[in-house]
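Trainee: Here the sequence shown stands for residues 97 to 866, numbered as in the numbering used here.
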Amino acid sequence: MSGYQHRVAGQRLSRLDGVGKVTGRHVYAADFALPGMLFGKILRSPHAHARIVRLDTTKARALPGVRTILTARDIPIIRFGTAIKDRPMLADGEVRFVGEAIAAVAATTMEIAARAIGLIEVEYEALPAVFDPEAALADGAPLVHPQWSTYQALPVFARDGNVSGRCSIGHGDVEAGFAEAYRVYEHRFTSQLVHPGYTEPRAAVASWDGNGDVIVWTNTQLPFDMKNMLADVLDLPASKVRVIVPGIGGGFGGKLRVGVEHFAGWLARKARRPVKVMTTSEEELLDAYPRQPTIVTLKTGVARDGTLLARKGQVIVDCGAYANSGPATAAVALQVLNGPYRTANLFLEGVAVYTNKGATGSFRAPAGPMANFAVESQIDMIADDLGIDPLDMRLGNAFHEGDSGPAGEKLASVSIAECLTRAADAIGWKDRKPGRGRGKGIACSWWMTTGGSSGVYVKINPEGTVTLISGAVEIGTGALTGAAQILAEELGIDLADVSVADVDTESTPFDYGAQGSRTAFSVGNACRVAAADLRRQVFEIAASQWQVPVDGMRLDGKAVVLGNRRMTLADIAALSLRAGGGLISHGAVIQPMPTFDPARVRNHPLPAWTSPSYHAHAVDLSVDQVTGEVSINRYVVVQDVGYAINPTYIEGQIEGGVTQGIGQTLSEEIVYQDGRVLNANLTDYKMPTAMDVPRIESILVQSPSVNGPYGAKGVGEPPCIQPPAAIANAIAVATGVRVQTLPITAEKIALARLDEPRSSQPKSRRDEPG
Ligand code: MOS
Numbered sequence: 097m098s099g100y101q102h103r104v105a106g107q108r109l110s111r112l113d114g115v116g117k118v119t120g121r122h123v124y125a126a127d128f129a130l131p132g133m134l135f136g137k138i139l140r141s142p143h144a145h146a147r148i149v150r151l152d153t154t155k156a157r158a159l160p161g162v163r164t165i166l167t168a169r170d171i172p173i174i175r176f177g178t179a180i181k182d183r184p185m186l187a188d189g190e191v192r193f194v195g196e197a198i199a200a201v202a203a204t205t206m207e208i209a210a211r212a213i214g215l216i217e218v219e220y221e222a223l224p225a226v227f228d229p230e231a232a233l234a235d236g237a238p239l240v241h242p243q244w245s246t247y248q249a250l251p252v253f254a255r256d257g258n259v260s261g262r263c264s265i266g267h268g269d270v271e272a273g274f275a276e277a278y279r280v281y282e283h284r285f286t287s288q289l290v291h292p293g294y295t296e297p298r299a300a301v302a303s304w305d306g307n308g309d310v311i312v313w314t315n316t317q318l319p320f321d322m323k324n325m326l327a328d329v330l331d332l333p334a335s336k337v338r339v340i341v342p343g344i345g346g347g348f349g350g351k352l353r354v355g356v357e358h359f360a361g362w363l364a365r366k367a368r369r370p371v372k373v374m375t376t377s378e379e380e381l382l383d384a385y386p387r388q389p390t391i392v393t394l395k396t397g398v399a400r401d402g403t404l405l406a407r408k409g410q411v412i413v414d415c416g417a418y419a420n421s422g423p424a425t426a427a428v429a430l431q432v433l434n435g436p437y438r439t440a441n442l443f444l445e446g447v448a449v450y451t452n453k454g455a456t457g458s459f460r461a462p463a464g465p466m467a468n469f470a471v472e473s474q475i476d477m478i479a480d481d482l483g484i485d486p487l488d489m490r491l492g493n494a495f496h497e498g499d500s501g502p503a504g505e506k507l508a509s510v511s512i513a514e515c516l517t518r519a520a521d522a523i524g525w526k527d528r529k530p531g532r533g534r535g536k537g538i539a540c541s542w543w544m545t546t547g548g549s550s551g552v553y554v555k556i557n558p559e560g561t562v563t564l565i566s567g568a569v570e571i572g573t574g575a576l577t578g579a580a581q582i583l584a585e586e587l588g589i590d591l592a593d594v595s596v597a598d599v600d601t602e603s604t605p606f607d608y609g610a611q612g613s614r615t616a617f618s619v620g621n622a623c624r625v626a627a628a629d630l631r632r633q634v635f636e637i638a639a640s641q642w643q644v645p646v647d648g649m650r651l652d653g654k655a656v657v658l659g660n661r662r663m664t665l666a667d668i669a670a671l672s673l674r675a676g677g678g679l680i681s682h683g684a685v686i687q688p689m690p691t692f693d694p695a696r697v698r699n700h701p702l703p704a705w706t707s708p709s710y711h712a713h714a715v716d717l718s719v720d721q722v723t724g725e726v727s728i729n730r731y732v733v734v735q736d737v738g739y740a741i742n743p744t745y746i747e748g749q750i751e752g753g754v755t756q757g758i759g760q761t762l763s764e765e766i767v768y769q770d771g772r773v774l775n776a777n778l779t780d781y782k783m784p785t786a787m788d789v790p791r792i793e794s795i796l797v798q799s800p801s802v803n804g805p806y807g808a809k810g811v812g813e814p815p816c817i818q819p820p821a822a823i824a825n826a827i828a829v830a831t832g833v834r835v836q837t838l839p840i841t842a843e844k845i846a847l848a849r850l851d852e853p854r855s856s857q858p859k860s861r862r863d864e865p866g
């Protein structure tokens, strides 16, 4: 990078998918239709745990317009899943949560399909259920999956009964650390179930062709994973499943896994007609892939000056009835719980638990907000108790360049101190207790850039422009515009000269998918490799035309340049089409996992993070003295993005992530009572509106990563990690009330103030050394 001014990368250019989206012309999966298409609807269980003793579809079948009805009896019993293959498409004799699919109907209209669902007769025999994850861990708890040991699972996860995965990270001797500590603090924090809140429901259209191949148009984030998982469920070789992604109206992790595609696939196969299945808001809140509720206990021993001497923590992740990504989420929670801090002695354990509630998934920075809420709330509680400034306590323990991470991996490009200092300066930290009812809070974290492989093809078009063919989908982040900026930069062309093809698993190269803050990073890297290959091919054509060696050639202004010779890319494209079938290049990359110390980790699928990013959030808020209502005055994010490929879209990610974080912190919760969702609608599930969100100020730090394109780091997930802790810390300053359960509703603050009108100090357990 040094001394080189980028023309396209790093610029605030408009996104390639922007015009279609703002004008309403973009075709999303929810818009997609085929001629003669039927509509599918799902019958869902009203019981949390029950045996199905009778299932009669006779009346529903007799309804005019009904074409197909499927129950578990009509299809092979195949279990699918991410960590564990524990989930059947339709309940196989037993339901495990309210909302679980029992039968699927395809009819000529959505209304007829819905009416048919109501005509299916089911009798149940209730079974004992367990809803609380700690109760599910107790001896003698009812097993959500009595046959758990027969399921296929990734071998890394340690399973036992209701535990779908147990893992740990640690080093040193925590008990010795506690023994020498000046004080030891133990706290418990809980977080709630929250929905990703994408605007477009999950939707899929499936159609079978004459060869017995199925094509599925769907809004998945992971078309290649979808292809494999669907092949499993449809009992087909993967080569017979083709996944095409028209457009996605937001994903946030909620569209990673099979959700409606398998219903569409099986219904279309039986009906011999294309079938579309799309969720309602109620279905989204009953049976989607929301963020798991967690219980975090954290015991921390410190020296008099606040130095972290020992930490012991446990995260219990309530996965609901099917494990999905819960075991991996419990594992990733451990790095977040470690925080960007040096800790002399450490033992952190993650436990993923089955309960009789809806299945869960990976929502933007899985485990991030809940683990960070615990660690960053506790830092403030300890600092207050020791009479230390919480900013100083963070800076005093923060990672330094070259330190080891929790798994013993070497850390590079460590910018946490800079992020903290700049966030504190921006919010006016010196005046963090401005007066009654107002306070400022800070929280920091680190986060991974997910690895996995990416492949791209770059094809030259007759006019000398190029098409980027990537297996990664644009989920609304602008990440593919970012990758295209890298490509344009490398080829000496403009962003407008790059078009991005839709993803079709039949023709686009493999990509690990739009997940884990990896898309611009990984596809950008693949673009650099493909650009180098295309340059070589272009130079060879110019060399043969000019009868000179390629030495010294470069691409500039849409042309090959050598001294005062110049040949446009359009001319090269024309030559290549006539003589060589056109030019196409391939770029493929894999991000390596850093080396780590295997003795420090147990049953952890992702022990060391590649190219981690660092970030700090600071908030200034006021709390209504009577109602407990929180108003955010200012919100500042300082995020190390390594290299800002397109600052506008990074700011967009920050604003969106903070907004989701504010929702999780103050208002959002899928409320369960006795296994039933009480608020399965978007009126009572309270996402923030434009009126609730303050202006969010973004400060981008650019401390280059070792592996990213031009030093970029992943940016998409981090912004939703810190809001719970930053806001909780500011509320504690403003009111003296420390809420340790999310969401921090006005009611909780107001009631806590009634309980302890004079309390201004957080409670803590104080153990003197020895
Ligand atoms: Mo993300 S939760 O990896 O889409």
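Beta carbons are placed, not taken as given, at the ideal position from N, Cα and C, and that holds for glycine.
Here the structure is a predicted model, which is why all the values come from computation and not from measurement.
#1: Residue 352: beta carbon under 7 Å from a heavy atom of ligand 1?
#2: Is any heavy atom of ligand 1 found at a distance shorter than 7 Å from the C-beta of residue 407?
#3: Measuring only from the beta carbon, is residue 347 closer than 7 Å to any heavy atom that is part of ligand 1?
#4: Whole angstroms is fine: what's the gap from residue 352's alpha carbon to residue 154's?
#5: Might you give, ordered along the chain, the residues of its own chain that have their beta carbon closer than 7 Å to the beta carbon of residue 663, omitting 5 neighbours on each side?
#6: Can you grab the Cα-Cα spacing for the pair residue 727 / residue 473, in whole Å?
#7: Given a cut-off of 8 Å, decide if residue 456 and residue 420 are closer than it, judged by their beta-carbon atoms.
#8: Is residue 434 buried or exposed, if buried means 16 or more other CB atoms sit within 10 Å of its CB?
#9: Under a three-way DSSP split, which group does residue 769 fall into?
#10: Among 843, 782, 568 and 476, which one has its Cα closest to the Cα of residue 343?
#11: Using only CA atoms, which one of 737, 582 and 367 lies nearest to residue 625?
#12: Around the C-beta of residue 799, are 16 or more other C-beta atoms found within 10 angstroms, so that it is buried, or is it exposed?
#13: So residue 624 is in the alpha helix (DSSP H); what residue range does that whole segment cover?
#14: Helix, strand or coil: how does DSSP classify residue 745 here?
#15: With which residues is residue 176 paired in a DSSP beta bridge?
#16: DSSP on residue 611, reduced to helix/strand/coil?
#17: Taking DSSP as the reference, what is the three-state secondary structure of residue 477?
#18: Could you give the distance in angstroms between the alpha-carbon of residue 443 and the alpha-carbon of residue 124?
#19: Do you know offhand how far residue 338's Cα is from residue 356's?
#20: Taking only runs that begin and end inside the segment 434 to 503, name each unbroken alpha helix (DSSP H) of 4 or more residues, in chain order.
#21: For residue 499, which option in 511, 602 and 488 has the closest C-alpha, if you only look at C-alpha atoms?
#22: Would you mind giving the Cβ-Cβ distance between residue 392 and residue 371, rounded to the nearest angstrom? I have them listed as a contact below 8 Å.
#23: Tell me the DSSP secondary structure of residue 220 in three-state form.
#24: Can we count residue 458 as close to ligand 1, meaning its CB is less than 7 Å from some heavy atom?
#25: Quick check on residue 324: does DSSP put it in helix, strand or coil?
#26: How far does the alpha helix (DSSP H) with residue 206 in it reach, from first residue to last?
#27: Taking residue 180 as the reference, give the member of 387, 650 and 243 with the closest Cα.
#28: When you compare only the Cα positions, how much space is there between residue 834 and residue 824?
#29: Straight-line CA distance for residue 645 to residue 468?
#30: Can you give me the start and stop residues for the beta strand (DSSP E) that residue 421 sits inside?
#31: Ordered along the chain, which non-local residues of its own chain (more than five positions away) have a Cβ less than 6 Å from that of residue 217?
#32: Output needed for residue 764: all residues of its chain with C-beta closer than 7 Å, excluding positions within five of it in sequence on either side, in chain order.
#33: Can you give me the Cβ contacts of residue 533 inside the same chain, cut-off strictly under 6 Å, excluding the 5 residues immediately before and after it?
#34: For residue 137, which option in 195, 671 and 189 has the closest C-alpha, if you only look at C-alpha atoms?
#35: Under a Cβ-count criterion, where at least 16 other Cβ atoms within 10 Å of its own Cβ denotes burial, should residue 661 be classed as buried or exposed?
#36: Does the beta-carbon of residue 836, which I'm using as the reference point, lie nearer than 7 Å to any heavy atom of ligand 1?
Mentor: According to the structure shown:
#1: Closer than 7 Å to some heavy atom of ligand 1: that describes the Cβ of residue 352.
#2: Because no heavy atom of ligand 1 lies under 7 Å away, the Cβ of residue 407 does not count as near it: no.
#3: Residue 347: yes, Cβ under 7 Å from ligand 1.
#4: Distance between residue 352 and residue 154, taken at the CA atoms: about 35 Å.
#5: If we look at residue 663 and ignore the five residues flanking it on each side, its Cβ neighbours are 638, 641, 655 and 656.
#6: Their backbone Cα atoms lie some 19 Å apart in a straight line.
#7: Yes; because the gap between Cβ atoms is below 8 Å, this pair is in contact.
#8: With 16 or more other Cβ atoms inside 10 Å of its own Cβ, residue 434 counts as buried.
#9: In the structure shown, residue 769 sits in a strand (DSSP, three-state: E or B).
#10: Comparing alpha-carbon positions, the option among 843, 782, 568 and 476 lying closest to residue 343 turns out to be 568.
#11: Cα-wise, what sits closest to residue 625 is 582.
#12: Here residue 799 is buried, its C-beta having at least 16 other C-beta atoms within 10 Å.
#13: Looking at the DSSP string, the run of the alpha helix (DSSP H) that includes residue 624 is 615 to 642.
#14: Three-state result, residue 745: helix.
#15: DSSP lists 183 as partners of residue 176.
#16: In the displayed model, residue 611 falls within coil according to three-state DSSP, outside both helix and strand.
#17: In the structure shown, residue 477 sits in a helix (DSSP, three-state: H, G or I).
#18: When only Cα atoms are considered, residue 443 and residue 124 end up about 46 Å apart.
#19: Each residue's Cα considered, the two are about 15 Å apart.
#20: Listed in chain order, they are 464 to 482 and 486 to 493.
#21: Of 511, 602 and 488, the residue nearest in Cα terms is 511.
#22: No, residue 392 and residue 371 are not in contact; Cβ-Cβ is about 43 Å, not under 8 Å.
#23: Three-state DSSP puts residue 220 in a strand.
#24: Yes, the Cβ of residue 458 comes within 7 Å of a heavy atom of ligand 1.
#25: Note: residue 324 maps to helix in three-state DSSP.
#26: First-last of the alpha helix (DSSP H) with residue 206: 206 to 215.
#27: Comparing Cα positions, the closest option is 243.
#28: Going by the C-alpha atoms only, they are around 7 Å apart.
#29: C-alpha separation (whole angstroms): 57 Å.
#30: Bounds of any beta strand (DSSP E) do not take in residue 421, whose DSSP letter is neither H nor E.
#31: Taken in chain order, the residues that qualify are 152.
#32: Around residue 764: 290, 781, 782, 783 and 839.
#33: For residue 533, where only same-chain residues beyond five positions count, the Cβ hits under 6 Å are 718, 719, 721 and 830.
#34: The residue with the shortest Cα to Cα distance from residue 137 is 195.
#35: By the neighbour-count rule (16 or more Cβ atoms within 10 Å), residue 661 is not buried but exposed.
#36: The beta carbon of residue 836 sits no closer than 7 Å to any heavy atom of ligand 1.
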